[in-house]
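Residue numbers (full-length UniProt numbering): 1 to 197. One structure is given below, encoded as structure tokens.
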Amino acid sequence: MLFPTDLSAFLDLIRQHGDVVYSLMFAYAASHSLLLALFGGYAAYSGALDFGTLVVACWAGSFFGDVVRFWIGRRYGKRLLASYPRLRQAAETVARLADRHYVWMILAHRYPHGIRGIAGFAYGMSQMRWLPFLALNLIAAGLWSVAIVSIGFASGQVSEKLMSDASSGVGLVLLILFLGLSWILSRKLERVIEAQR
Numbered sequence: 001m002l003f004p005t006d007l008s009a010f011l012d013l014i015r016q017h018g019d020v021v022y023s024l025m026f027a028y029a030a031s032h033s034l035l036l037a038l039f040g041g042y043a044a045y046s047g048a049l050d051f052g053t054l055v056v057a058c059w060a061g062s063f064f065g066d067v068v069r070f071w072i073g074r075r076y077g078k079r080l081l082a083s084y085p086r087l088r089q090a091a092e093t094v095a096r097l098a099d100r101h102y103v104w105m106i107l108a109h110r111y112p113h114g115i116r117g118i119a120g121f122a123y124g125m126s127q128m129r130w131l132p133f134l135a136l137n138l139i140a141a142g143l144w145s146v147a148i149v150s151i152g153f154a155s156g157q158v159s160e161k162l163m164s165d166a167s168s169g170v171g172l173v174l175l176i177l178f179l180g181l182s183w184i185l186s187r188k189l190e191r192v193i194e195a196q197r
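Now the structure itself:
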């Protein structure tokens, strides 16, 4: 079956191609994709993926993605963003925040939507040194991967316990609630960034 038509067929496809799925999870975690990591946690609960291997793949992807963005920001940041004034302004604001609050910025930037993609570049443009960045990034990537995969795992557990197959929307509702909370927090962070300008 090339295109699965229901969730169980999709989970069977994941079981059959686990190594490829872990590689995809690594790549998506490098871009800080929350949704796929959440679904990966759900797939781990269903037995289609191994929880520990999934956490390691997301951890490594998240870590290496930010290392690459940091390096690009350090080497090419200002030149690369010169033709994108709005993006450059956002990156410079994040860099200023990172100069003052780098520990909290690195630990929290993976969660809010508005800062996720630009933060690694901005850290490279800041005064932050490589060693503290690498150490904090390793910790933050681990916390992120454990948290997101665990939330996906828990949503699978809750939806199975509370719902029958006909009404298994609790996992989806929990996922929507989590994404809504993430959106609200990202808006608040964007307001803080706007106030710093």
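We put the CB at the ideal spot given by N, CA and C, even for glycine.
The Cβ atoms of F178 and G41 lie no closer than 7 Å to each other. Distance check between S150 and each of P132, S23, C58, G120 places C58 closest, using alpha-carbon atoms only. Between M125 and G73 a beta carbon distance of about 5 Å is seen, short of the 8 Å cut, so the two are scored as contacting. When only Cα atoms are considered, R69 and I106 end up about 13 Å apart. Distances from the CA of R88 to each of S155, F121, P132, P112 were compared; the closest alpha carbon is that of F121. Here the alpha carbons of H109 and R15 stand approximately 32 Å from one another.
Closest option to S46, judged by alpha-carbon separation, among V146, H32, V158: V158. Of the candidates L134, Q127, Y111, the residue whose Cα lies closest to the Cα of V146 is Y111. According to the DSSP assignment, L35 belongs to the alpha helix (DSSP H) that extends over 34-46. Secondary structure note for H101: its alpha helix (DSSP H) is the uninterrupted segment 85-108. Taking a C-beta distance under 7 Å as the contact criterion, A29 and G77 do not qualify as a contact pair.
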